[in-house]
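In short: position in the sequence shown from 1, add 16, done, that's the working numbering.
Built from N, CA and C at the ideal position, the CB exists for glycine as well.
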Amino acid sequence: MDNLVASAGTLLTSPRVIIPAGRSVEPKINSQALLRKLKVANPSQSLVFWIALTGEQDQATDLVEAVVAEFEAAVAEGALPEYEGLKLTVGEVSYSVEVDPESEVSKMSLLLVVAGIGVLVTLTYVLVRVFLDDTIRTPEDLAELTDDAVLAPLGDSPVSQQIASGLPYLVPEGTGRVVAFSGIAHSAVSVADDVARALGASGRRVAVVDLDLRNRPMGSGGTGVAEVVAGDVPLEDAVGHEGPITQLLAGGRVPNPGDFLTRTAFAAVLEKLRHTHDWVLLNTTPLCEASDGVLASRLAATTLLVLATGEKRSQVREALNLVEASNLDIAALVVQ
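In structure tokens form, the structure reads like this:
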């Protein structure tokens, strides 16, 4: 800007900047040729100087004012060249600073580019979510993986209440009311406990048996299934009671849970519980953790496959493939 102000005199004496007001001459021509084209019909003719600048508006205003001041001084001193039939005088001088529409277009283009980048980032994020995200976030995410029924909380109705109400319809008739609750990568014991309480509140006699002999989520102390099957403790002494709910813990650790679950003595324990209770709920080892999860599920009439939001699709597929290969009966998938 400073350099332009300093050269205002040179700018004004340039033969390529003079254009008659209200008219346009393209391409620009020198003052000699312009003189031949002008037909002065009035005593005076306005001259307009167009100056294209880039910078802040205040700086542009300072420059225009400097140019006007030098122009007036140059005319007064007769410093500007005069041609035959053309005399320069200064009447009223006015100016305005306007934003170049092209610069606005540039700004708009920049905004559009920024917006385009934002949209691109958003689309990229969506594509990553859709094609690369392996996480189950909603019950609807299971629709592409299975045709089985999916149970999830509905409003204020917990999923355990839905299961308790629907169990008579989920368990095949005449197969015995023994239901396995099998997690995929995490324990399903909390769902089994909640369903037991819901059934107990409706007057049903319920037995909950912990067959997750590896993790023993219902408690690791005291006697339980391991001691009863081994013949060390009678069933009546190993169970605990909480109202209408009977609990049988896993008990002490066993060297080979898979082999343990195939013992005939274990089947006899379940048969006793089935005859003295309306429902027997089995909590198993997570299916993707060890094969004894499948072995425990086979002891039930049907299985509820329990998963939490945040489980991986790959784990759900693995569990479903395992269920199909093992010929397990799945009543529904349950989303905690």
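Inset, instruction - Give me the Cα-Cα distance between arginine 269 and arginine 230, rounded to the nearest whole angstrom. - result: Approximately 7 Å, taken between the alpha carbons.
Legend entry - leucine 158 versus glutamate 334: straight-line alpha-carbon distance, rounded: About 13 Å.
Inset, instruction - Grab the span of the alpha helix (DSSP H) containing serine 330 for me, first residue to last. - result: 329-342 is the extent of the alpha helix (DSSP H) around serine 330.
Inset, instruction - Within 10 angstroms of the Cβ of proline 271, are there 16 or more other Cβ atoms? Answer buried if so, exposed if not. - result: Under this definition proline 271 is an exposed residue.
Inset, instruction - Work out the CA separation of valine 255 and glycine 238 for me, nearest whole Å. - result: Roughly 10 Å between the two C-alpha positions.
Inset, instruction - Compute the beta-carbon to beta-carbon distance between alanine 212 and isoleucine 261, rounded to the nearest angstrom, for a pair I have assumed lies under 8 Å. - result: That belief holds up - the Cβ atoms of alanine 212 and isoleucine 261 are roughly 5 Å apart, short of 8 Å.
Inset, instruction - Between the Cα of alanine 223 and those of Asn299, Lys288, Phe282, Gln263, spot the shortest distance and give me the residue it belongs to. - result: Closest option to alanine 223, Cα to Cα, is Gln263.
Inset, instruction - Compute the beta-carbon to beta-carbon distance between alanine 196 and glutamine 331, rounded to the nearest angstrom, for a pair I have assumed lies under 8 Å. - result: Their Cβ separation, rounded to whole angstroms, is 18 Å, which puts alanine 196 and glutamine 331 out of contact at 8 Å.
Inset, instruction - Give every residue of the same chain whose Cβ lies closer than 6 Å to the Cβ of glutamate 160, excluding the five residues on either side of it in the sequence, and list them in chain order. - result: For glutamate 160, where only same-chain residues beyond five positions count, there are no Cβ hits under 6 Å.
Inset, instruction - Just tell me which of Asp253, Leu311, Ile152, Gln75 has its CA closest to the CA of threonine 325. - result: When each option's Cα is compared against that of threonine 325, the closest is Ile152.
Inset, instruction - Count the other C-beta atoms from every protein chain shown that fall within 10 angstroms of the C-beta of asparagine 299, then say buried if there are 16 or more, exposed otherwise. - result: Asparagine 299 is buried by the Cβ-count criterion.
Legend entry - arginine 232 vs histidine 293 beta-carbon contact at 8 Å: With respect to the 8 Å criterion, arginine 232 and histidine 293 are not classified as neighbours on the basis of their beta carbons.
Inset, instruction - Indicate the three-state DSSP secondary structure (helix, strand or coil) for histidine 257 in the structure shown. - result: In the structure shown, histidine 257 adopts extended strand secondary structure according to DSSP, grouped into three states.
Legend entry - First through last residue of the alpha helix (DSSP H) which encompasses alanine 284: Unbroken alpha helix (DSSP H) run through alanine 284: 280-292.
Inset, instruction - Find the nearest neighbour of threonine 318 within the set Pro184, Gly240, Lys328, Asp150, judged by alpha-carbon distance. - result: If we check each option's Cα against that of threonine 318, Pro184 comes out closest.
Inset, instruction - Would you kindly check if the distance between the Cβ of threonine 278 and the Cβ of leucine 311 is under 8 Å? - result: Closer than 8 Å, so yes.
Inset, instruction - Give the range of the beta strand (DSSP E) segment to which serine 198 is assigned. - result: Unbroken beta strand (DSSP E) run through serine 198: 194-199.
Legend entry - Identity of the residue in Glu81, Leu227, Asn343, Gln177 nearest threonine 296 by Cα: Reading off the sequence, residue 296 comes out as valine, not threonine. Nearest of Glu81, Leu227, Asn343, Gln177 to valine 296, Cα basis: Leu227.
Legend entry - Per-residue DSSP class, three states only, for isoleucine 152: In the displayed model, isoleucine 152 falls within coil according to three-state DSSP, outside both helix and strand.
Inset, instruction - Can you give me the start and stop residues for the alpha helix (DSSP H) that leucine 186 sits inside? - result: Here the alpha helix (DSSP H) through leucine 186 covers 175-186.
Inset, instruction - Grab me the residues of valine 249's own chain with a C-beta within less than 8 Å of its C-beta, minus the 5 sequence neighbours each way, in chain order. - result: Thr239, Glu243.
Inset, instruction - Can you give me the start and stop residues for the beta strand (DSSP E) that aspartate 228 sits inside? - result: Following the DSSP letters along the chain, one finds aspartate 228 in no beta strand (DSSP E), marked with neither H nor E.
Legend entry - Distance, alanine 204 Cα to glycine 259 Cα: Roughly 22 Å between the two C-alpha positions.
Inset, instruction - Would you please verify whether the beta carbon of threonine 162 is less than 8 Å from any beta carbon of chain D? - result: No chain D is part of this structure, which consists of one protein chain only.
Legend entry - Same chain only: Cβ atoms within 6 Å of serine 342, ignoring 5 sequence neighbours per side: Answer for serine 342: Val310, listed in chain order.
Inset, instruction - Following the continuous alpha helix (DSSP H) through alanine 214, name the residue where it begins and the one where it ends. - result: Segment 205-217, the alpha helix (DSSP H) holding alanine 214.
Inset, instruction - Assuming lysine 288 and aspartate 150 form a contact by the criterion Cβ under 8 Å, report the distance between their Cβ atoms to the nearest whole angstrom. - result: Contact doesn't hold; Cβ gap of about 43 Å is too wide.
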